[in-house]
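See below for the structure under consideration.
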Amino acid sequence: MTAVGKSVVRLDARSKVTGAAVFARDLRVPDMLHMKLVFAGRPHARIASLDTSRALTCPGVHAIFTARDVPHNLYGLMVADQPVFCEDVVRFVGDRVAAVVADTPEHAAAAAALVAVQYEDLPVLADPDQALRPGAPILHAEHPDNVLRTIRLRRGNAAAAMASADVVVERTYTTSYQEHAFMEPEAGLGYIDEQGRVTVHGAGQNTHDDQRQIAEALGLPLDQVRVIYGPIGGAFGGREDISVQLVLALAAWRLRRPVKIEWTRTESITAHHKRHPIRLHYKWGARRDGILVAAEMDIVSDAGAYASTSTSVLDNFLFAATGPYNIPNVRIDGRAVYTNNISTGALRGFGAPQAAFASELQMAHLAEELGIDPITIRLRNCLRDGDLLATQSPVPGGVSVAELLEICARQAGAVETSEGWHLPDVGQAGNLAQAKKRGLGIAVSMKNAGFSFGFPEGSTARVVLHGDTEIESAEVHTAAAEVGQGTHSVLAQLAAERLGISVERVRVVASDTADIGDAGPASASRLTFFAGNAVVSAADMALASWRDEDRPAVAEYRYNAPQTTPFDPETGASVNSVSFSYAAQAVEVEVDAQTGLVRLERVVAVQDPGRAVNPQQVRAQIEGAVVQAQGWAVMENFVTEGGRILTDRLSTYLIPTARDIPSSVETHLLEKPDPEGPLGVRGVGEAPFGPLAPAIVCAVRDATGVWFDRLPLTPEAVWRGLHEG
Ligand code: MOS
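So this is what it looks like as structure tokens:
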């Protein structure tokens with residue numbers, strides 16, 4: 001291997017470190033105008049009147065756009081249910097009613113404040129229970145019960161098997177919202193390019209999804225719309241949906257002038273979706289030896305005002321709900337429910353972290369009730385090659401969960417004896433003040449790559465080879481979005497590997513719909529796998545044409561993943577996924593019983609990347625996921641009240657800083673090749689998010705004797721749990 005397996009310096013490292021990288025917020029062109037949006041600021045109301053006449057007379061104002069100006073006013077990544085501008089009703093505080101375009105940002109803001117909207121407030125559906133109540137207001141006419149999506153799975157006979165179980169654990173878990181908190185709030189520039197195309201230069205997770213939604217909303221043919229991404233300050237799922245792209249395209253199209261927008265942090269937090277809060281009612285039964293016999297699950301997720309990716313996130317529960325375990329009898333019923341809260345959707349893990357939280361805590365409770373150690377009970381049940389998932393399709397090949405768990409347990413200090421595994425007692429470590437208690441927890445998780453369930457997954461790449469007698473340079477053309485995860489560097493490494501040249505000779509030309517076909521989104525742990533497969537094949541084909549003396553040698557390839565199938569609506573049966581990745585983590589916490597503060601003293605993270613194309617980047621993904629999962633588990637507390645967001649800035653919505661995170665994350669990689677991945681690659685970005693939160697809850701239990709079922713474990717919540725029972 002010449003390029004793969006090496007921690008080569010990222011292609012964008014220098015430009016990011018020196019500040020040379022031009023982010024969407026940095027874009028400036030002569031003659032550009034500035035946009036400010038008018039947000040609803042209320043969770044549910046009828047628009048009685050909308051008057052822009054006064055705002056239009058403000059200094060510097062060029063135009064004000066409302067619903068009347070949008071040819072097709074409904075959009076959405078998966079379900080077109082969200083108005084570009086609301087016309088009759090607003091359904092959450094972040095709904096938009098108008099866009100003001102002016103010569104300066106200040107003039108745009110001043111005029112936006114004078115757009116006069118008269119609202120008649122409507123009853124607010126502040127949670128799914130209220131939305132499901134008979135007689136509740138209907139938020140979308142197509143869903144008179146406010147249920148956006150229902151899932152149903154029946155494998156074996158769960159009720160009969162449950163009755164035969166020696167022990168049954170039945171608990172309800174509640175997970176919390178999470179904000180993406182990417183570094184760069186939404187921004188972009190819309191303009192008409194030299195070929196007359198409506199162009200948006202911005203930041204997102206899939207240029208081609210943005211392009212399609214813009215074309216649909218404006219009623220333009222696809223080739224009249226162009227989307228370009230430059231460097232992006234983070235995404236984490238928060239840029240899967242359209243944010244500013246549509247309104248920029250609309251303004252540029254109508255005004256024939258460049259138009260820029262930059263959201264404030266509060267606009268960003270208020271207007272883009274969040275991770276789903278989900279209530280998970282879990283009932284699992286096992287035999288005395290710990291073998292799982294039945295699982296029954298009812299889950300309800302708060303979809304918020306619009307669909308976003310709620311349908312797909314819920315679908316993922318059909319196989320994620322049982323964790324990486326083989327359970328022969330399963331019943332799942334789930335609903336995603338519209339409310340007047342902020343929409344919920346993709347955030348690193350796409351539903352898998354919520355599933356892992358419940359399923360791993362079920363395993364911990366079962367282990368405790370049966371007197372079996374947490375490693376042994378998992379090893380007795382975990383998926384192995386050839387096992388069936390809850391959806392009754394075979395788990396994709398190369399299952400590594402058992403190996404990862406054993407490595408993780410050993411690294412955490414556990415020893416295997418004839419009676420099972422003994423975890424170290426960390427409660428006695430050091431000279432702890434009396435109020436401080438230490439504990440250890442361990443958990444595993446899995447994550448699929450790609451959207452699954454019949455979604456046509458693929459990726460296009462083009463490789464161009466320049467030179468005469470030797471390949472002097474290679475270009476990799478791809479629409480794969482570099483959102484900070486390092487995908488362009490990894491694709492360059494895969495190309496260099498196949499071409500037999502050094503990475504320095506590979507240039508990545510990326511993320512312009514006018515240049516290359518769809519790579520699919522930077523999401524679902526999928527780019528190294530899907531775009532990687534496309535690049536590897538395009539490189540192989542370009543090399544063949546190079547050997548045929550073509551100069552330059554050019555090859556374009558579309559990788560189409562093995563087809564998955566939609567689930568049967570009655571049984572949930574389906575071929576759901578192409579590839580899975582797995583992670584195991586152990587965490588040692590210190591709990592301060594006086595303040596309720598949970599500190600992470602030690603994290604052991606073990607993961608299978610299939611093949612680590614760039615080991616340093618894999619480790620960085622794991623460290624980043626651990627920190628983000630720590631935020632979700634013990635710090636980040638997104639507070640809403642009657643649909644209003646009380647934590648709309650980073651001074652009230654606290655995310656981990658350098659002072660909060662563990663001093664190091666001990667990462668261990670096991671490379672078990674994925675049969676379908678390029679050179680054996682699996683996805684790496686999401687799997688390491690899953691185990692941390694349940695491992696922390698287990699560690700807190702080990703430290704204090706108290707179980708928690710609800711996220712986040714803020715100091716206040718922990719203190720109450722310890723002192724109020
Ligand atoms: Mo991701 S949560 O699939 O953008």
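At position 432 of the sequence shown (counting the first as 1) the number is 432 in the working numbering, and the numbers step up by one without a gap. Glycine included, every Cβ here is placed at the ideal spot set by N, Cα and C. Since this is a predicted model, take the numbers as computed values, not measurements.
Own chain partners of residue i with C-beta closer than 7 Å, once the 5 adjacent residues on each side are dropped
i: Val-575; result: Ser-393, Thr-564 and Thr-565
i: Ile-138; result: Pro-144 and Asn-146
i: Gly-721; result: Val-706 and Phe-708
i: Leu-318; result: Ile-151, Leu-153, Ile-332, Ala-390, Thr-391, Phe-567, Gly-572 and Asn-576
i: Thr-309; result: Leu-77, Met-78, Glu-240, Gly-345 and Ala-346
i: Leu-491; result: Val-476, Thr-478, Ala-480, Val-508, Ala-531, Gly-532 and Val-535
Exposure label - residue i; buried when at least 16 CB within 10 Å
i: Thr-560; result: It is Asn, not Thr, that sits at residue 560 in the sequence shown. Looking at its Cβ environment, which holds fewer than 16 other Cβ atoms inside 10 Å, Asn-560 is exposed.
i: Asp-723; result: This sequence places His at residue 723; Asp is not what is there. Exposed, since its Cβ has fewer than 16 Cβ neighbours within 10 Å.
i: Pro-675; result: exposed
i: Val-401; result: buried
i: His-729; result: This structure gives no information on residue 729, because the portion of the chain shown stretches from 1 to 725.
i: Ser-445; result: buried
i: Arg-438; result: buried
i: Thr-469; result: exposed
i: Leu-366; result: buried
i: Thr-270; result: buried
i: Glu-262; result: buried
i: Cys-222; result: Sequence inspection shows Leu at residue 222; the Cys mentioned does not correspond to that position. The residue is exposed, with fewer than 16 neighbouring Cβ atoms inside 10 Å.
i: Ala-699; result: buried
i: Leu-679; result: buried
i: Glu-369; result: exposed
i: Val-598; result: buried
Assigned secondary structure, residue i (DSSP; H/G/I helix, E/B strand, else coil)
i: Ile-269; result: helix
i: Cys-86; result: coil
i: Gly-642; result: coil
i: Ala-480; result: coil
i: Lys-437; result: strand
i: Glu-556; result: strand
i: Met-35; result: strand
i: Gln-178; result: strand
i: Thr-339; result: coil
i: Thr-667; result: strand
i: Ile-232; result: coil
i: Arg-659; result: coil
i: Val-613; result: coil
i: Ser-459; result: strand
i: Met-541; result: helix
i: Glu-369; result: helix
i: Pro-694; result: helix
i: Lys-447; result: strand
i: Ile-442; result: strand
i: Ala-303; result: strand
i: Leu-499; result: helix
i: Glu-470; result: coil
i: Ile-736; result: The requested residue 736 does not occur in the structure, where the chain is confined to residues 1 to 725.
Beta-carbon contacts of residue i that lie in its chain and below 6 Å, excluding the five residues immediately before and after
i: Arg-602; result: Glu-588
i: Ala-586; result: Cys-408, Ala-412, Ile-442 and Val-604
i: Ile-661; result: Val-627
i: Val-227; result: Val-200, Thr-207, Asp-210, Gln-211 and Thr-513
i: Leu-654; result: Met-635
i: Ala-126; result: Gly-642 and Gly-643
i: Gln-617; result: Gly-486
Residue i beta carbon near the ligand FAD (any heavy atom closer than 7 Å)
i: Val-536; result: The ligand FAD is absent from the structure shown, which contains only the ligand MOS.
Cβ-based neighbour list, residue i, same chain, cut-off 8 Å, excluding 5 preceding and 5 following
i: Thr-640; result: Ala-126, Tyr-177, Asn-341, Ile-342 and Leu-646
Going residue by residue through the stretch 564 to 600, where are the continuous alpha helix (DSSP H) segments of at least 4 residues, counting only ones entirely within it?
none
- prompt: With contact counted as at least three CB pairs below 8 Å, one residue from each stretch, are the stretch 283 to 293 and the stretch 544 to 551 in contact?
  reply: no
Start-end ranges of the alpha helix (DSSP H) lying completely within the stretch 242 to 294, minimum 4 residues | 245 to 255 and 265 to 271
Checklist entry - So does the stretch 208 to 226 actually touch the stretch 238 to 254, counting three or more Cβ pairs closer than 8 Å? => result yes
* **Unbroken stretches of the alpha helix (DSSP H), 4 residues or longer, contained in the stretch 127 to 165** => 128 to 132 and 158 to 163
Next item on the list: Report the residue ranges of all alpha helix (DSSP H) runs contained in full by the stretch 700 to 725; include only those spanning at least 4 residues, in chain order.
Entry: 715 to 723
Does the stretch 178 to 191 touch the stretch 624 to 641, meaning 3 or more C-beta pairs lie closer than 8 Å?
-> yes
Do the stretch 338 to 357 and the stretch 295 to 308 make contact, defined as three or more Cβ pairs closer than 8 Å?
yes
#### Entry: Three-pair Cβ contact test at 8 Å for the stretch 482 to 492 versus the stretch 528 to 536
yes
Exercise. Taking one C-beta from the stretch 29 to 43 and one from the stretch 84 to 96 each time, how about it: are there three or more such pairs within less than 8 Å?
Worked result: yes
- contact_flag[the stretch 369 to 387, the stretch 323 to 332] where n(CB pairs < 8 Å) is 3 or more: yes
Problem set entry | Any 3 or more C-beta pairs closer than 8 Å across the stretch 49 to 61 and the stretch 244 to 258 | no
Worksheet entry | the stretch 168 to 179 in contact with the stretch 187 to 194 per 3-pair CB rule at 8 Å | no
> Residue ranges of each alpha helix (DSSP H) run of no fewer than 4 residues wholly in the stretch 45 to 117, ordered along the chain?
Replying inline: 53 to 56 and 105 to 112
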